[in-house]
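Colleague: Chains as they are written, first to last, in the numbering used here: chain A, 116 to 486; chain B, 116 to 486.
C-beta: ideal position from N, C-alpha, C; glycine also.
Have a look at this one before I ask anything.
There are 2 protein chains.
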Amino acid sequence: MQSCSQTIPQTFAVPFFFFIITYSIIRDDYFGMKIHKITIKDVARELGVSVSTVSRALKDHPDISPQTKQLVRDLVEKMKYKPNAIALSLRSQRTNIIGVIVPEIVHHFFSMVISGIDEAAMAAGYNVMFFQSNESYEREVMNIQSIINSRADGVLISIAKGTKKFNHIRQLLEDNIPVVFFDRECDEIETDKVIVDDFEGAFNAVDYLIKTGCRRIAHYAGPQHLQIGYLRKRGYISALEKNGLRVDDSLIIPCDSYEAALEVTRNLMARGNPPDAIFTTNDNTAVGTLNAVKAMGFKVPEDISIIGFTDGLVSTVTDPLLSTVSQHGFEIGKKATEILIKRINDECVSSKPITEIVKTELVIRNSTRRI
Amino acid sequence: MQSCSQTIPQTFAVPFFFFIITYSIIRDDYFGMKIHKITIKDVARELGVSVSTVSRALKDHPDISPQTKQLVRDLVEKMKYKPNAIALSLRSQRTNIIGVIVPEIVHHFFSMVISGIDEAAMAAGYNVMFFQSNESYEREVMNIQSIINSRADGVLISIAKGTKKFNHIRQLLEDNIPVVFFDRECDEIETDKVIVDDFEGAFNAVDYLIKTGCRRIAHYAGPQHLQIGYLRKRGYISALEKNGLRVDDSLIIPCDSYEAALEVTRNLMARGNPPDAIFTTNDNTAVGTLNAVKAMGFKVPEDISIIGFTDGLVSTVTDPLLSTVSQHGFEIGKKATEILIKRINDECVSSKPITEIVKTELVIRNSTRRI
DNA sequence: GGAGATATGAGATCCCGTCATCAGGGCGGG
DNA sequence: CCCGCCCTGATGACGGGATCTCATATCTCC
Numbered sequence: 116m117q118s119c120s121q122t123i124p125q126t127f128a129v130p131f132f133f134f135i136i137t138y139s140i141i142r143d144d145y146f147g148m149k150i151h152k153i154t155i156k157d158v159a160r161e162l163g164v165s166v167s168t169v170s171r172a173l174k175d176h177p178d179i180s181p182q183t184k185q186l187v188r189d190l191v192e193k194m195k196y197k198p199n200a201i202a203l204s205l206r207s208q209r210t211n212i213i214g215v216i217v218p219e220i221v222h223h224f225f226s227m228v229i230s231g232i233d234e235a236a237m238a239a240g241y242n243v244m245f246f247q248s249n250e251s252y253e254r255e256v257m258n259i260q261s262i263i264n265s266r267a268d269g270v271l272i273s274i275a276k277g278t279k280k281f282n283h284i285r286q287l288l289e290d291n292i293p294v295v296f297f298d299r300e301c302d303e304i305e306t307d308k309v310i311v312d313d314f315e316g317a318f319n320a321v322d323y324l325i326k327t328g329c330r331r332i333a334h335y336a337g338p339q340h341l342q343i344g345y346l347r348k349r350g351y352i353s354a355l356e357k358n359g360l361r362v363d364d365s366l367i368i369p370c371d372s373y374e375a376a377l378e379v380t381r382n383l384m385a386r387g388n389p390p391d392a393i394f395t396t397n398d399n400t401a402v403g404t405l406n407a408v409k410a411m412g413f414k415v416p417e418d419i420s421i422i423g424f425t426d427g428l429v430s431t432v433t434d435p436l437l438s439t440v441s442q443h444g445f446e447i448g449k450k451a452t453e454i455l456i457k458r459i460n461d462e463c464v465s466s467k468p469i470t471e472i473v474k475t476e477l478v479i480r481n482s483t484r485r486i
Numbered sequence: 116m117q118s119c120s121q122t123i124p125q126t127f128a129v130p131f132f133f134f135i136i137t138y139s140i141i142r143d144d145y146f147g148m149k150i151h152k153i154t155i156k157d158v159a160r161e162l163g164v165s166v167s168t169v170s171r172a173l174k175d176h177p178d179i180s181p182q183t184k185q186l187v188r189d190l191v192e193k194m195k196y197k198p199n200a201i202a203l204s205l206r207s208q209r210t211n212i213i214g215v216i217v218p219e220i221v222h223h224f225f226s227m228v229i230s231g232i233d234e235a236a237m238a239a240g241y242n243v244m245f246f247q248s249n250e251s252y253e254r255e256v257m258n259i260q261s262i263i264n265s266r267a268d269g270v271l272i273s274i275a276k277g278t279k280k281f282n283h284i285r286q287l288l289e290d291n292i293p294v295v296f297f298d299r300e301c302d303e304i305e306t307d308k309v310i311v312d313d314f315e316g317a318f319n320a321v322d323y324l325i326k327t328g329c330r331r332i333a334h335y336a337g338p339q340h341l342q343i344g345y346l347r348k349r350g351y352i353s354a355l356e357k358n359g360l361r362v363d364d365s366l367i368i369p370c371d372s373y374e375a376a377l378e379v380t381r382n383l384m385a386r387g388n389p390p391d392a393i394f395t396t397n398d399n400t401a402v403g404t405l406n407a408v409k410a411m412g413f414k415v416p417e418d419i420s421i422i423g424f425t426d427g428l429v430s431t432v433t434d435p436l437l438s439t440v441s442q443h444g445f446e447i448g449k450k451a452t453e454i455l456i457k458r459i460n461d462e463c464v465s466s467k468p469i470t471e472i473v474k475t476e477l478v479i480r481n482s483t484r485r486i
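This is how it looks when you write it as structure tokens:
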């Protein structure tokens, strides 16, 4: 850990002016002084007018003459005066900060969501305060405490796998901080939610496989205590039933990782009457499946079709390219943020919580046959 | 607006009335008004002591009797009083916020870095304000403006590809906001940096290829105006030279994406005297290369070895598994944050900027031959 | 009884920007 | 000449805490 890093002092060849700046900084620090930030008083003093005048000029108050306004605006520009956001927050009781908690950022889907959050927040002039629960309940509670303490205006959260109590979320709502769930929600809490249509996504994927002529379709299922695992399986079953195909329990196999897929697939394909298609609960599992069947000499998609879920980066670099169900993480983040900001602005304070379902999209690449 | 501040009477001394206030808060909420947060004054009034006493009790001031301290602590617990971080920031001129700017979060390496940042920041009691430049200079400037406005205590930044001017970074330093670069740095700015040892990583990768018997090694190079692209190429060249191999310029090809690799590789492998190994500037390019050579009937690693850079998720799901150079993104984020926090706390204010180099690690999987 | 310690209250100050109020200067029109 | 208008200054409150000073009240001990 430590050994992989080393400290190297930088060569000290800098222009002359740099010394001067550095020196004055050191001197101020040496005397324990804070570096002075430009305040409205500095602007007023510099221009020889009162603080009120500057304040009014910047607010475009009708009392102030156009000439003075222009003078003030010019000087403000020149002196790079920025109103102190902290003082503003103290007075307005708003921080323009959105707290975001994700289980794990190292996850293509969540990083897409955050990207969407960033986009929408920036567009609306909000800053994003970021937290990671690492799938831990305790950590999540700490994160919420930090959010409360920093007086964020609202919270976006996807709950951790380890979270089974929800008092910390309730505390947010009691403090009148709006909360919007994304992806991983919680039944017990009445608030806005933006979720993925796992059922329909799975249904469409399997329905497509059937349309391309597949008849023995296996499903590698995720953990059934999570909504996402459960709903994807239900979608799979529903598509079979709608098309009059028998649901064969021996073709529904718990399997949700690359490594597991290698193992499971070897066994599955070696037994009599192997499937002609496999629908996996996520992309990594699909890639494992793909590699396993290829290693056994099967042709994809001629001998067997494979379709994943969660359009991650991996699906765009496999051979053949993986067909999958895209989750529009960016859209989810953006949507959730927009809803949150509306709540913050009380635009729909009296309305009931809404649940927005972001549709999945079937992305047909080359691991499935064509219709 | 004003009316809501007048709805809550200011002077009450009897506990009974406190509950009335609480009730009126709920009613205020119903009418869409701001909810009342517990302040030190509420605690003082409830306990029938002065604000000073509560403040001193919480700070464990020796003037206050143990009994009073206990009473205060109990009530604070019961009323869930939290000191207003905004008021604290206003006075202390510290926000306990670290601003973080990454080019793109949807990138395994950067999400690992952010994970490390989150870890270190949380451990030190700092909050992370997150920004994404989307590789755009303009966006980066806006992000820095937001950071300055929100009075963050320090900044961690990996500069965008599109950034060629650095006045915005200088502005941070002039405002006495410490800056630590990670991964993508900038020569012109004298400040702390935590960077990847791209040169050595590339050198080791190519040196390993040579040790396994490869003699005609191609390099798919990244943009040369970026340090990371340049240094990886230098490492490649240096390894060839050290091993007495001729550097063939026709084997150094600009190529840094999956799609480009498909195209480039088809041409490269079709011409006479194709290479027996390819070192790519990143993993996605390596995967494109891998798929292209496999499609042309070459065996990996028997006919040709392939090695990438940046240990992303893709390298763990290819067939064969991709050998690559791992970057320790988590370590980089953690280290950068620790250095930044030291600077914020003036622990090394007079010391020169340091450049910390985090070593890469060669991860040998199955796309390269064994020694 | 008075000095001194102890515990607390009351109030000011600071951080910074906003906003409201009141006071006034200067100038033009009636 | 004065009223009123336009513009501006001076001042203070406010938001919420920390912190400091000074004034009390109570109690103890000599």
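Suppose only complete runs of 3+ residues qualify. What are the beta strand (DSSP E) ranges in the segment 289-360 of chain B, listed by chain order?
Modeller: Whole beta strand (DSSP E) segments, 3+ residues: 294-297, 307-311, 332-336.
Colleague: Identify whether B/Phe-445 lies in helix, strand or coil by the three-state DSSP scheme.
Modeller: Here B/Phe-445 sits in helix by DSSP.
Colleague: Could you give the first and the last residue of the continuous beta strand (DSSP E) run that contains A/Ala-392?
Modeller: Looking at the DSSP string, the run of the beta strand (DSSP E) that includes A/Ala-392 is 392-395.
Colleague: Who does A/Ile-281 pair with in a DSSP beta bridge?
Modeller: A small fix is needed here, since residue 281 of chain A is Phe in this sequence, not Ile. In DSSP, A/Phe-281 forms no bridge with anything.
Colleague: Nearest CA to the CA of B/Met-237: which residue from A/Phe-318, A/Arg-254, A/Ala-320, A/Ile-352?
Modeller: Residue A/Arg-254 is the option with its Cα nearest to B/Met-237.
Colleague: Which bits of chain B does A/Gln-442 rub up against, with CB to CB less than 8 Å?
Modeller: Correct list: empty, because the minimum Cβ distance to chain B is about 13 Å.
Colleague: Where does A/Pro-181 sit, in a helix, a strand or coil, going by DSSP?
Modeller: In this structure, A/Pro-181 counts as helix in the three-state DSSP scheme.
Colleague: Would you tell me roughly how many angstroms separate the C-alpha atoms of B/Val-294 and B/Ile-284, rounded to the nearest one?
Modeller: Going by the C-alpha atoms only, they are around 8 Å apart.
Colleague: Work out the CA separation of A/Leu-346 and A/Lys-149 for me, nearest whole Å.
Modeller: Its pLDDT being 39, under 50, A/Lys-149 is placed unreliably in this model, and the coordinates cannot settle the point.
Colleague: Who are the Cβ neighbours of A/Gly-444 in its own chain at under 6 Å, not counting the five residues just before and after it?
Modeller: Here the set comprises Phe-224, Met-227, Val-228.
Colleague: Run down chain A in chain order and give the residues with a C-beta less than 8 Å from the C-beta of B/Phe-245.
Modeller: Ordered by position in chain A, the residues that pass the 8 Å Cβ test against B/Phe-245 are Val-215, Ile-229, Asp-233, Val-243, Met-244, Phe-245.
Colleague: Under a Cβ-count criterion, where at least 16 other Cβ atoms within 10 Å of its own Cβ denotes burial, should A/Ala-410 be classed as buried or exposed?
Modeller: With fewer than 16 other Cβ atoms within 10 Å, it is exposed.
Colleague: With C-beta atoms as the reference, is A/Phe-318 less than 8 Å away from A/Gly-359?
Modeller: No; because the gap between Cβ atoms is not below 8 Å, this pair is not in contact.
Colleague: Grab the span of the alpha helix (DSSP H) containing A/Ile-263 for me, first residue to last.
Modeller: Taken as a continuous stretch (DSSP letters only), the alpha helix (DSSP H) holding A/Ile-263 covers 252-264.
Colleague: Would you verify that the beta carbon of A/Ala-200 is, or is not, closer than 8 Å to some beta carbon of chain B?
Modeller: By this cut-off, A/Ala-200 is an interface position.
Colleague: Kindly indicate which residue of B/Glu-453, B/Lys-279, B/Ile-343, B/Ile-472 has the alpha-carbon position closest to the one of B/Phe-213.
Modeller: A quick correction: the sequence has Ile, not Phe, at residue 213 of chain B. Comparing Cα positions, the closest option is B/Glu-453.
Colleague: Determine, using beta carbons only, whether B/Asn-406 comes closer than 8 Å to chain A.
Modeller: With 8 Å as the cut-off, B/Asn-406 counts as an interface residue toward chain A.
Colleague: Counting along the chain, where does the beta strand (DSSP E) carrying B/Ile-367 start and finish?
Modeller: From DSSP, the beta strand (DSSP E) with B/Ile-367 extends over 367-369.
Colleague: Contact criterion: CB-CB distance below 8 Å. Does B/Tyr-323 meet it with respect to chain A?
Modeller: False, the Cβ-Cβ gap to chain A never drops below 8 Å.
Colleague: Going along the chain, which unbroken runs of the alpha helix (DSSP H) with 4 or more residues stay wholly within the segment 374-436 of chain A?
Modeller: Fully enclosed alpha helix (DSSP H) runs of 4 or longer: 398-410.
Colleague: Among residues of its own chain, excluding the 5 on either side of A/Val-455, which ones have a beta-carbon nearer than 7 Å to its beta-carbon?
Modeller: A quick correction: the sequence has Leu, not Val, at residue 455 of chain A. So the list reads Ile-213, Gly-269, Leu-271, Pro-293, Val-295, once near-sequence residues are dropped.
Colleague: Of the choices B/Asp-157, B/Lys-308, B/Tyr-252, whose alpha-carbon is the least far from that of B/Met-194?
Modeller: Nearest of B/Asp-157, B/Lys-308, B/Tyr-252 to B/Met-194, Cα basis: B/Asp-157.
Colleague: Within 10 angstroms of the Cβ of A/Gly-412, are there 16 or more other Cβ atoms? Answer buried if so, exposed if not.
Modeller: Under this definition A/Gly-412 is an exposed residue.
Colleague: Please report the straight-line C-alpha distance between A/Glu-446 and A/Gly-316, rounded to a whole angstrom.
Modeller: Whole-angstrom Cα-Cα distance: 16 Å.
Colleague: List the residues of chain B whose Cβ lies closer than 8 Å to the Cβ of A/Val-473, in chain order.
Modeller: Simply none; closest approach about 17 Å.
Colleague: Residues of chain B with CB closer than 7 Å to the CB of A/Val-429, please, in chain order.
Modeller: Simply Leu-428, Val-429, Val-432.
Colleague: Do you know whose CA, among A/Val-191, A/Thr-278, A/Leu-162, lies nearest A/Leu-173's CA?
Modeller: Minimum Cα distance to A/Leu-173 is reached at A/Val-191.
Colleague: What are the partner residues of A/Gly-269, as DSSP defines its beta bridges?
Modeller: According to DSSP, which records beta bridges pairwise, A/Gly-269 is partnered with A/Ile-213.
Colleague: Pair every Cβ in the segment 468-475 of chain A with every Cβ in the segment 237-253 of chain A, then say whether three or more of these pairs are closer than 8 Å.
Modeller: Output reads no: the segment 237-253 of chain A does not touch the segment 468-475 of chain A.
Colleague: List, in order along the chain, the chain B residues whose C-beta lies closer than 8 Å to that of A/Ile-104?
Modeller: Residue 104 of chain A is absent from the structure shown; chain A starts at 116 and stops at 486.
Colleague: Listed from N- to C-terminal order along the chain, which residues in the segment 173-197 of chain B have their beta-carbon within a distance smaller than 9 Å of any beta-carbon of chain A?
Modeller: Those would be Lys-195, Lys-197, in chain order.
Colleague: If you measure between the beta carbons of B/Ile-421 and B/Leu-437, is that distance less than 8 Å?
Modeller: For B/Ile-421 and B/Leu-437, yes; Cβs fall inside 8 Å.
Colleague: Among the residues of its own chain, which have a CB less than 6 Å from the CB of B/Ala-451, if the five just before and after it don't count?
Modeller: Answer for B/Ala-451: Leu-271, Val-295, Phe-297, Val-309, listed in chain order.
Colleague: Within a Cβ cutoff of 6 Å, which residues of the same chain sit near B/Val-169, ignoring the five residues on either side of it in sequence?
Modeller: Contacts found: Ile-155, Val-158, Ala-159, Val-187.
Colleague: Hey, quick one: how far does the beta strand (DSSP E) through A/Thr-154 stretch, first residue to last?
Modeller: No beta strand (DSSP E) contains A/Thr-154, which DSSP labels as neither H nor E.
Colleague: So, is A/Asp-189 buried or exposed, given that buried needs 16 or more other C-beta atoms within 10 angstroms?
Modeller: With fewer than 16 Cβ atoms within 10 Å of its Cβ, A/Asp-189 is classed as exposed.
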